[in-house]
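The opening residue of the sequence shown carries number 2 in this note's numbering; numbering runs sequentially from there.
Below you'll find the structure, written out as structure tokens, and then a few comments.
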Amino acid sequence: MVHKPPRLAERLLVHIVGGRDAQVIAGDLAESYEERGGGALWYWGQVLSCLLVRLSPHRRLIPDLGYDVHHAFRLIRRNPGYAFAAVLCLALGIGINTTVFSVLDGMFLRGLPLPDPGRIVTLDRDGAAPCSISEYFELRKTAKSLVKPVAVITRNTYLDVGAANEPVFIETVMANYADVLQTRPRLGRWFASTDEQPHGGLPVVISDRLWQRYFQRESNALGRTIRLEGQVYTIVGVARPEFRGVSSPASIDAWVPLASFPLNRADFDSTTDQAGPDVSVVSRLAPNFTLQQARAEIAVFDAHLRAQSKDDPRLKAALTVEPVLGFVSRRARRSIAPLALLLAGVVGIVLLIACVNVANLLLARAAVRQREMAVRLSLGASRGRLIRQTLAEGLVLAAGGAVLGLIAGFWTNQALSAWLPTSFPQAALRTVFLEINWRVAALTAAVSLLSALLFSLAPAFETARTECTPALKGDGSGSSQRTLRRRDLYAAAQVALSLVLLVSAGLLLRALDRAASIDPGFATARRVYVRLFTPGRDFTPEASTQLFTRLVENARQLPGVQDATLSFALLGFGDRNCAATGPTAPTRKLHINVVEPNYFHMMQVPLVRGAGFQPQGRPEPILPVIVNETMARTWWPGQDAVGQPIWFGCESEHQRLAGRVIGIARDSKYQALDEEPLPLYYVSTRQFWWNGYLALIVETRGETREVVEPLLALARTGGRNLRIGEVNTLESVVSLSLWYTRFYAALLGLFAALAIVLSTIGLYGVVAYSVAQRTREIGIRMALGAHRADVQWMVLARALRLTALGIGAGLLLSAAATRLLRHFLHGLSPLDPVTFTAAALAWIAISMLASYLPSLRATRVDPTVALRYE
Numbered sequence: 002m003v004h005k006p007p008r009l010a011e012r013l014l015v016h017i018v019g020g021r022d023a024q025v026i027a028g029d030l031a032e033s034y035e036e037r038g039g040g041a042l043w044y045w046g047q048v049l050s051c052l053l054v055r056l057s058p059h060r061r062l063i064p065d066l067g068y069d070v071h072h073a074f075r076l077i078r079r080n081p082g083y084a085f086a087a088v089l090c091l092a093l094g095i096g097i098n099t100t101v102f103s104v105l106d107g108m109f110l111r112g113l114p115l116p117d118p119g120r121i122v123t124l125d126r127d128g129a130a131p132c133s134i135s136e137y138f139e140l141r142k143t144a145k146s147l148v149k150p151v152a153v154i155t156r157n158t159y160l161d162v163g164a165a166n167e168p169v170f171i172e173t174v175m176a177n178y179a180d181v182l183q184t185r186p187r188l189g190r191w192f193a194s195t196d197e198q199p200h201g202g203l204p205v206v207i208s209d210r211l212w213q214r215y216f217q218r219e220s221n222a223l224g225r226t227i228r229l230e231g232q233v234y235t236i237v238g239v240a241r242p243e244f245r246g247v248s249s250p251a252s253i254d255a256w257v258p259l260a261s262f263p264l265n266r267a268d269f270d271s272t273t274d275q276a277g278p279d280v281s282v283v284s285r286l287a288p289n290f291t292l293q294q295a296r297a298e299i300a301v302f303d304a305h306l307r308a309q310s311k312d313d314p315r316l317k318a319a320l321t322v323e324p325v326l327g328f329v330s331r332r333a334r335r336s337i338a339p340l341a342l343l344l345a346g347v348v349g350i351v352l353l354i355a356c357v358n359v360a361n362l363l364l365a366r367a368a369v370r371q372r373e374m375a376v377r378l379s380l381g382a383s384r385g386r387l388i389r390q391t392l393a394e395g396l397v398l399a400a401g402g403a404v405l406g407l408i409a410g411f412w413t414n415q416a417l418s419a420w421l422p423t424s425f426p427q428a429a430l431r432t433v434f435l436e437i438n439w440r441v442a443a444l445t446a447a448v449s450l451l452s453a454l455l456f457s458l459a460p461a462f463e464t465a466r467t468e469c470t471p472a473l474k475g476d477g478s479g480s481s482q483r484t485l486r487r488r489d490l491y492a493a494a495q496v497a498l499s500l501v502l503l504v505s506a507g508l509l510l511r512a513l514d515r516a517a518s519i520d521p522g523f524a525t526a527r528r529v530y531v532r533l534f535t536p537g538r539d540f541t542p543e544a545s546t547q548l549f550t551r552l553v554e555n556a557r558q559l560p561g562v563q564d565a566t567l568s569f570a571l572l573g574f575g576d577r578n579c580a581a582t583g584p585t586a587p588t589r590k591l592h593i594n595v596v597e598p599n600y601f602h603m604m605q606v607p608l609v610r611g612a613g614f615q616p617q618g619r620p621e622p623i624l625p626v627i628v629n630e631t632m633a634r635t636w637w638p639g640q641d642a643v644g645q646p647i648w649f650g651c652e653s654e655h656q657r658l659a660g661r662v663i664g665i666a667r668d669s670k671y672q673a674l675d676e677e678p679l680p681l682y683y684v685s686t687r688q689f690w691w692n693g694y695l696a697l698i699v700e701t702r703g704e705t706r707e708v709v710e711p712l713l714a715l716a717r718t719g720g721r722n723l724r725i726g727e728v729n730t731l732e733s734v735v736s737l738s739l740w741y742t743r744f745y746a747a748l749l750g751l752f753a754a755l756a757i758v759l760s761t762i763g764l765y766g767v768v769a770y771s772v773a774q775r776t777r778e779i780g781i782r783m784a785l786g787a788h789r790a791d792v793q794w795m796v797l798a799r800a801l802r803l804t805a806l807g808i809g810a811g812l813l814l815s816a817a818a819t820r821l822l823r824h825f826l827h828g829l830s831p832l833d834p835v836t837f838t839a840a841a842l843a844w845i846a847i848s849m850l851a852s853y854l855p856s857l858r859a860t861r862v863d864p865t866v867a868l869r870y871e
């Protein structure tokens with residue numbers, strides 16, 4: 002059945018629009034009407050749209066974008082295969098960019114989930130606490146640009162709920178915290194002014210996570226108690242799930258009044274002339290005040306503080322007002338900036354490769370449509386109109402890629418949100434909250450528009466350069482050759498860009514292999530540890546020593562345990578202390594480890610000179626000390642370090658502790674596997690008490706997992722006040738020290754694999770198109786006696802030439818780019834010849850695989866058919 006459009010609407014269109022444009026539009030609408038199977042209402046809507054544009058006084062300023070987009074959709078419907086390939090390539094590139102935008106948005110741009118977040122600000126002194134509590138009270142009285150500034154101290158402490166305990170981050174805050182931030186509790190209330198008194202009640206607001214974990218979201222959680230720093234707090238409220246405090250990247254689990262927390266209480270009880278603890282400050286801009294005005298006022302306040310305390314090292318950095326966006330701490334922003342730059346650069350490369358792929362597809366279509374474009378030009382179409390139609394087609398493809406990219410980004414965000422907290426040891430990465438908000442969507446739209454321009458411009462101008470006479474005669478060889486050269490250049494560019502990622506990933510993998518072979522200087526096989534902490538408020542140094550001595554002795558009796566020892570420091574975890582070679586000599590900071598006397602034997606750290614600690618030693622007036630080789634060499638050059646005196650204590654301390662070197666131990670790693678040996682000294686747990694942190698390490702006879710539960714059960718016998726931290730193997734600790742390099746290697750490896758897949762598809766398309774264009778030539782060659790092997794090699798050689806061009810450019814780019822990875826290469830050269838050669842050979846092999854099928858197809862050309870090809 003033939004469907005004819007409404008005659009009145011058709012006549013109206015022809016009469017008002019008139020001329021050839023009316024005939025073209027009417028013809029297109031009639032064709033679409035027939036395809037739809039009718040639809041008078043739809044047809045009238047299209048006609049009215051055309052009439053509105055025609056009758057508009059600004060119609061000459063309005064490109065007929067609707068018609069061009071409609072035409073693009075018709076072309077895509079006729080060739081869905083190429084459109085699917087193009088949209089899929091763009092979706093991969095745009096989807097990855099969307100995910101990375103979400104990560105970067107959470108790090109640097111996202112405000113707090115509160116009303117009017119753009120006016121929430123914090124004081125910053127280059128990552129350090131901006132002022133003391135006394136200076137805060139002075140600021141609170143004088144500041145006019147800030148609304149009742151709030152003092153905040155973020156603490157890392159232990160939470161006790163019943164028999165369970167875990168380390169948590171809490172914020173100790175002033176009572177007006179919730180009022181200034183305008184946050185409401187999910188359950189209960191926030192703090193009242195009476196809670197702010199130093200000896201008031203002990204209320205606590207807990208996070209939604211704690212409410213779920215310990216109270217199963219029951220409303221009767223209000224009024225129940227938890228312990229923080231050994232002090233009992235009563236739950237008065239539960240925060241909303243989206244609110245995680247103002248101390249990002251730390252995720253806060255509890256809030257208590259600042260004056261009630263034990264570590265702060267002593268400062269509030271002290272005399273008023275003392276500065277008190279350092280605090281962070283958060284507030285809102287006052288009405289009618291801008292950020293610049295607040296900064297000017299705070300600069301005056303900072304100058305006043307500097308005038309009062311000229312020699313205070315705290316005031317070295319300037320005090321500034323910063324909006325609370327992403328990571329609040331400037332130091333955290335700086336630490337994560339290299340990762341952000343790497344992510345942005347890598348996904349940009351992947352998107353560029355995807356755009357080049359789509360440009361190649363459009364160039365191939367432009368060559369196929371030369372005759373159609375010549376007909377359009379002959380009928381009076383302008384070259385600008387042809388360019389616009391090609392750009393519209395690219396815009397439609399980019400829109401499809403953007404939609405699929407947003408969907409892929411949403412799924413990826415969901416997966417990463419579940420994976421990051423359990424897979425990353427760095428808190429800054431674990432606490433990134435991923436979401437698709439308006440900024441991410443706007444950036445995705447901008448990237449899509451940019452992509453459309455990138456991959457559409459070359460095909461558009463190629464279309465506009467169509468020569469009518471040769472194209473209408475079927476002789477488009479000049480244009481075809483020009484298109485082939487441009488596609489060859491694009492394919493080589495894809496190889497170059499993907500080679501940069503491949504070389505970078507290869508360097509990091511080689512660096513990991515190199516670092517894994519580094520000897521840490523102590524035994525790691527079959528060693529398991531549990532981290533323990535005895536808080537000073539609950540344990541005296543003597544009680545702590547007795548408890549740890551009992552635990553290590555009982556650990557030796559556990560089934561499957563061969564020996565046990567204690568150590569304060571583990572790889573990546575340690576501390577420093579002041580030391581000097583004389584009682585009044587200038588002090589230097591030294592790394593310290595407090596160990597059980599049998600540590601050196603069990604951990605296979607040999608003593609190269611002198612003696613070890615006595616197993617039953619009692620405190621002595623002169624502290625026995627063992628130093629490592631580096632300290633012995635740098636502190637007493639040309640002398641025997643054994644027997645040398647050493648004093649401990651910083652210059653501000655009136656009395657220093659005297660010690661004497663009794664032995665020299667072999668150097669071992671302290672902070673990281675790739676570090677140069679650091680000066681380090683050891684003291685015995687029987688002679689010296691440090692800060693309550695010790696790791697109970699056991700050497701097992703068999704599988705390490707068999708002693709984990711008995712070891713934890715033993716630790717729990719220390720009582721509820723003994724804090725139990727992580728349980729892990731020393732092999733895992735050594736591996737964890739390389740996590741940053743491993744993360745970069747995995748990231749670059751993933752993106753390199755994706756880039757290689759896209760580039761391989763592009764190279765395959767170029768070679769296959771070349772074979773199709775040269776079918777007649779190949780037929781003639783074979784008719785004249787060319788062997789199939791010669792034809793196949795001709796095709797493969799073309800792919801090799803493109804690959805060689807891309808490899809040459811890619812190696813130059815890689816030589817410049819890999820210098821940015823110098824800090825993660827563990828001594829490996831950024832120009833490592835093995836990696837560069839392996840990457841180049843890998844791409845040669847990939848190009849052979851990509852061009853094998855087209856070359857095989859070329860050998861199967863029938864000369865008889867090929868000669869009749871045209």
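Even glycine gets a Cβ: it sits at the ideal position worked out from N, Cα and C.
Just so you know, these numbers come straight off a predicted model, no measurement behind them.
Tell me which same chain residues have a C-beta within less than 7 Å of the C-beta of residue i, skipping the five on either side of it?
i, result
"A839", "G507"
"D833", "L508, R511"
"L444", "F102"
"A86", "L362"
Hey, residue i and residue j are a contact pair by Cβ (cut 8 Å); roughly how many whole angstroms apart?
i, j, result
"V768", "A800", "5 Å"
"S856", "L797", "5 Å"
"A179", "D196", "Not really, about 11 Å apart at Cβ, beyond 8 Å."
"G401", "G107", "Not quite, the Cβ-Cβ distance comes to about 27 Å (not below 8 Å), so this is no contact."
"L739", "A516", "5 Å"
Could you have a look at residue i and say whether DSSP puts it in helix, strand or coil?
i, result
"L137", "It should be noted that the sequence gives Tyr, not Leu, for residue 137. In this structure, Y137 counts as helix in the three-state DSSP scheme."
"E230", "coil"
"N157", "strand"
"R528", "strand"
"R551", "helix"
"H592", "strand"
"T860", "helix"
"W412", "helix"
"E172", "strand"
Enumerate in chain order the residues of its own chain whose CB-to-CB distance from residue i is below 6 Å, with the five nearest sequence positions on each side excluded.
i, result
"T321", "D125"
"A493", "L803, L806, G807"
"C651", "C579, T588"
"L405", "A92"
"V1", "Outside the shown range of the chain (2 to 871) lies residue 1, about which nothing can therefore be said."
"A841", "I808"
"A429", "Annotation note: pLDDT 46 at A429 (below 50); position unreliable, no value reported."
"V48", "A10, L14"
Got a sec? Which residues, its chain only, sit under 8 Å from residue i by beta carbon, not counting five neighbours each side?
i, result
"D576", "F569, A570, H592, I593, W691, N692"
"T235", "G202, L203, P204, V205, G224, R225, T226"
"D274", "Only weak support is given to the placement of D274: the predicted model assigns it a pLDDT of 42, under 50, and the question is left unresolved by the model."
Using 8 Å as the threshold, is the stretch 494-502 in touch with the stretch 752-768, meaning 3 or more CB pairs across them? yes
Any contact between the stretch 596-614 and the stretch 549-567? By contact I mean 3 or more CB pairs, one from each, below 8 Å. The stretch 596-614 is in contact with the stretch 549-567.
Between the stretch 691-711 and the stretch 625-640, do at least 3 Cβ pairs fall closer than 8 Å? no
Taking 8 Å as the threshold, find out whether the stretch 699-708 comes into contact with the stretch 512-532 through three or more Cβ pairs. yes
I want to know whether the stretch 343-363 touches the stretch 306-314 - three or more CB-CB distances under 8 Å. Verdict: no, contact absent.
Examine the Cβ distances between the stretch 604-616 and the stretch 704-723 and report whether three or more of them are shorter than 8 Å. With the rule of 3 Cβ pairs closer than 8 Å, the stretch 604-616 does not count as touching the stretch 704-723.
Any chance you could list the beta strand (DSSP E) runs of at least 3 consecutive residues sitting entirely within the stretch 693-718, in chain order? 694-701
Please specify which runs of the alpha helix (DSSP H), each continuous and at least 4 residues long, are wholly inside the stretch 607-671, giving them in chain order. 630-636
Identify every run of the beta strand (DSSP E) within the stretch 324-391, keeping only runs that are complete inside it and at least 3 residues long; order them along the chain. Within the stretch 324-391, no complete beta strand (DSSP E) run reaches 3 residues.
Meets three-Cβ-pair contact criterion under 8 Å: the stretch 246-265 and the stretch 164-175: yes
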